[in-house]
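First comes the structure, then the notes that go with it.
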Amino acid sequence: MTSPAKPDTVVHGNREWRKFYKRIGRHERRLKDSLRKNILKNVLENLDSLQNSIQKYAIRHVSEPPGGTTYDIVHDVIIFNIQRNNTANFIHETTHGGQYEKGEIVYRNYLARGLPDTCGGVGDDFDDEIAAYRAQFALDPNSVFDLPNKLNKHPRRLKEIDKPWLVNVEDTNHHPPVLIYLPNGKDGVTERHINIFSTRRDMIDAYFRADSTQWRDDYILGNDPRYLNYPAKLRRYRIAHPGPQAAKSTVPPFTASTVHPRFLNCASTLFLSYGP
Ligand SMILES: [Zn+2]
Numbered sequence: 083m084t085s086p087a088k089p090d091t092v093v094h095g096n097r098e099w100r101k102f103y104k105r106i107g108r109h110e111r112r113l114k115d116s117l118r119k120n121i122l123k124n125v126l127e128n129l130d131s132l133q134n135s136i137q138k139y140a141i142r143h144v145s146e147p148p149g150g151t152t153y154d155i156v157h158d159v160i161i162f163n164i165q166r167n168n169t170a171n172f173i174h175e176t177t178h179g180g181q182y183e184k185g186e187i188v189y190r191n192y193l194a195r196g197l198p199d200t201c202g203g204v205g206d207d208f209d210d211e212i213a214a215y216r217a218q219f220a221l222d223p224n225s226v227f228d229l230p231n232k233l234n235k236h237p238r239r240l241k242e243i244d245k246p247w248l249v250n251v252e253d254t255n256h257h258p259p260v261l262i263y264l265p266n267g268k269d270g271v272t273e274r275h276i277n278i279f280s281t282r283r284d285m286i287d288a289y290f291r292a293d294s295t296q297w298r299d300d301y302i303l304g305n306d307p308r309y310l311n312y313p314a315k316l317r318r319y320r321i322a323h324p325g326p327q328a329a330k331s332t333v334p335p336f337t338a339s340t341v342h343p344r345f346l347n348c349a350s351t352l353f354l355s356y357g358p
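So the sequence shown is numbered by the numbering used here: it starts at 83 and just counts up by one.
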């Protein structure tokens, strides 16, 4: 794996990103409820840190819920797949972006025949999802209350966004509806908490239907070169770029010329970048 020669592209300057940011800030200032207010403060802080990250992020529009956060391996971009104009959805997916930056979620980082080159995260667990739903609830309670639920659970308070609720959230665009967060034991969401410190035992417990021979006795997810994890990426970047932090202060002016043609073809992808 090579170190990037310059800071990676960031979403700073993206109009839609700024619009969401302003909207969330306005909401936070108006809110009386201190719990929700604090969560929105954290949401704004998270957006700040994503904006100043060495990781590239992009917004892509999807027509139907649920959204998702995926990694485009070829272009090294984390993509927030959200519904247009849906601030709650934006908060949910960017919360997963923050979890990626903290090492709570990693992404497959190799191309293989038969596997898509844009993939979902490993380590997306119930805790990560509950945090993402609580964050969007802080802005718009109805965005969570209204979600189809097999047991007809509809949270009116933050603490009602819990595991029994989550596991019964349905995607009613499918017939019959599917339980979005029911762990399949192979990939996708897990009930067990998984992050870059997870061991062989943790992986086997979380992905109980996967081939366990892939994890050696001394396995640690954060050391697995098959996965992109942000703390390791940042460490490599800092080793390759000693001295004062360059990411914020010395970036060249915005230009759209580095946008890969593939993204330009995708009309709904908003993707702005720095760099020559
Ligand atoms: Zn989620």
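We put the beta carbon where it would ideally sit given N, CA and C, even for glycine.
Keep in mind that this is a model prediction, so the values were computed, not measured.
> Could you give the distance in angstroms between the alpha-carbon of leucine 132 and the alpha-carbon of asparagine 255?
Replying inline: Taking the sequence shown and counting its residues from 1, one reaches residue 132 at position 50. Taking the sequence shown and counting its residues from 1, one reaches residue 255 at position 173. Leucine 132 and asparagine 255 have their C-alpha atoms roughly 31 angstroms apart.
>> Quick check on the burial criterion: 16 or more other C-beta atoms within 10 angstroms. Buried or exposed for proline 237?
In response: The sequence position of residue 237 within the sequence shown is 155, counting from 1. Its Cβ being crowded by 16 or more others within 10 Å, proline 237 is buried.
>> Pop quiz: arginine 282 and tyrosine 301 are said to be a contact at Cβ under 8 angstroms. What is the actual Cβ separation, rounded to whole angstroms?
In response: The sequence position of residue 282 within the sequence shown is 200, counting from 1. The sequence position of residue 301 within the sequence shown is 219, counting from 1. Arginine 282 to tyrosine 301, Cβ: 4 angstroms. Contact.
>> Does the structure place the region 220-236 close enough to the region 182-190 that three or more beta carbon pairs sit under 8 angstroms?
In response: Taking one beta carbon from each stretch, the region 182-190 and the region 220-236 have fewer than 3 pairs nearer than 8 angstroms; the two do not touch.
> So who's on the other strand from tyrosine 153, going by DSSP bridges?
Replying inline: Here the question's residue 153 lines up with position 71 in the sequence shown. DSSP lists Ile160 and Cys201 as the beta-bridge partner residues of tyrosine 153.
> Residue range of the alpha helix (DSSP H) that arginine 112 falls in?
Replying inline: Here the question's residue 112 lines up with position 30 in the sequence shown. Where arginine 112 is concerned, the enclosing alpha helix (DSSP H) stretches over 97-112.
>> Using only the alpha-carbon positions, how far apart do arginine 166 and histidine 143 sit?
In response: In the sequence shown, counting from the first residue as 1, residue 166 sits at position 84. In the sequence shown, counting from the first residue as 1, residue 143 sits at position 61. Cα to Cα, arginine 166 sits roughly 6 angstroms from histidine 143.
> Roughly how many angstroms lie between the CA atoms of asparagine 250 and proline 324, to the nearest whole one?
Replying inline: Position 168 of the sequence shown, counted from the first residue, corresponds to residue 250. Position 242 of the sequence shown, counted from the first residue, corresponds to residue 324. Whole-angstrom Cα-Cα distance: 48 angstroms.
>> For ligand 3, is there any heavy atom lying closer than 6 angstroms to the beta carbon of glutamate 183?
In response: What this structure holds is ligand 1, not ligand 3.
>> Please determine whether the Cβ atom of glutamate 211 lies at a distance below 6 angstroms from any heavy atom of ligand 1.
In response: Sequence index remark: in the sequence shown, residue 211 carries index 129 (1-based). For ligand 1, at least one heavy atom lies less than 6 angstroms from the Cβ of glutamate 211.
> Per DSSP, aspartate 253 is paired with what?
Replying inline: The residue given as residue 253 occupies position 171 in the sequence shown. Beta-bridge pairing links aspartate 253 to Val260.
> Run through DSSP, which three-state label would aspartate 293 get?
Replying inline: Within the sequence shown, numbered from 1, the residue matching residue 293 stands at position 211. Coil, per DSSP.
> Quick one: what's got a C-beta closer than 6 angstroms to isoleucine 286's C-beta in the same chain, skipping five residues either side?
Replying inline: Indexing the sequence shown from 1 puts residue 286 at position 204. Cβ within range, chain order: Ser294.
> Taking the alpha-carbon positions, what's the leucine 316 to glycine 202 distance?
Replying inline: Counting from 1 along the sequence shown, the entry for residue 316 is found at position 234. Counting from 1 along the sequence shown, the entry for residue 202 is found at position 120. Taking the CA atoms as reference points, leucine 316 sits about 20 angstroms from glycine 202.
> Based on the DSSP output, what are the partners of asparagine 231 in its beta bridges?
Replying inline: Within the sequence shown, residue 231 is the residue found at index 149, counting from 1. Residue pairing for asparagine 231: DSSP places it in a beta bridge opposite Val251.
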